[in-house]
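**Student:**
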Amino acid sequence: MRIISGSLKGRTFSPPERSSVRPTTDMAKEGLFNILQHRVALEGITVIDLFSGTGSLSYEFVSRGAEMVFSVEKDAVMVDFVQSIAKKLNLKNIKAIRSDAYKFLALTAIKADIIFADPPYGTPGIQDIPELVFSKNILNEDGMLVVEHDSHLNFGAHPHFVEVRNYGKVYFSMFQ
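All residue numbers for the sequence shown refer to this note's numbering, where the first residue is 526 and numbers rise by one.
(1) Between which residues of its own chain and residue 686 is the CB-CB distance below 7 Å, once the five residues before and five after are set aside?
(2) Beta-carbon within less than 8 Å of residue 535's beta-carbon, same chain only, minus the 5 sequence neighbours each way: which residues are those?
(3) Please classify residue 537 as buried or exposed, where buried requires at least 16 other C-beta atoms within 10 Å of its C-beta.
(4) For a test of the three-state rule: what should DSSP assign to residue 554, helix, strand or coil?
(5) When the Cα of residue 651 is compared with those of 673, 612 and 607, which residue comes out closest?
(6) Hey, which unbroken runs of the beta strand (DSSP E) at 3 residues or more fall wholly within the region 655-683?
(7) Since residue 575 is in the alpha helix (DSSP H), which residue starts that stretch and which ends it?
(8) Expressed to the nearest angstrom, what Euclidean distance is found between the alpha-carbon atoms of residue 598 and residue 677?
(9) Relative to the C-alpha of residue 620, which residue among 631, 635 and 628 is closest?
(10) Taking the alpha-carbon of residue 562 as reference, which of 531, 549, 581 and 551 has the nearest alpha-carbon?
(11) Pop quiz: residue 593 and residue 618 are said to be a contact at Cβ under 8 Å. What is the actual Cβ separation, rounded to whole angstroms?
(12) Is residue 549 closer than 8 Å to residue 582 when the C-beta atoms are compared?
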């Protein structure tokens, strides 16, 4: 995996060998950040990266100027991996948090400019993520929620839904 843009552009890292995570493809990641940079100033923002897995998107947000990224993952091996890569890259603005993403959303007092959720496809409750985020009021004004999912989900009826984009088999539904 590699960081595709920003101050850490070109840096690469390999996930743990027995990892069961499905990192976002470079093509999808590039498409996502092209959209985000035209909607949200990435410099100085706070990001919550839910179901962060390897932390690939967390590093990308920091590389592009995010002030703080909370990388939330329930797998202890992945949390340790995110911490080790952050240390290797000397990133003090990534905080890896071991937690179930749904419990984190229910309990957090953190307010973010962007919340990115990349649950494993087929995870129960994916369709509930937008309501959890908006009912807790944890997005800053003009903030954005992005949920990565497969083609089987349709968030179009949600009142905060803005649009969906797809890159191959990867879909990003956006909410404001």
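Note that CB positions come from ideal geometry on N, CA and C, so glycine has one too. Since we're looking at a predicted model, the values are computed, not measured.
**Tutor:** Let me lay it out:
(1) 680, 698 and 700
(2) 527 and 528
(3) exposed
(4) helix
(5) 673
(6) 664-674
(7) From DSSP, residue 575 is part of no alpha helix (DSSP H) but of the beta strand (DSSP E) over 571-575.
(8) 24 Å
(9) 635
(10) Looking at 531, 549, 581 and 551, the one whose alpha-carbon comes closest to that of residue 562 is 531.
(11) 5 Å
(12) Between residue 582 and residue 549, the CB-CB gap stays under 8 Å.
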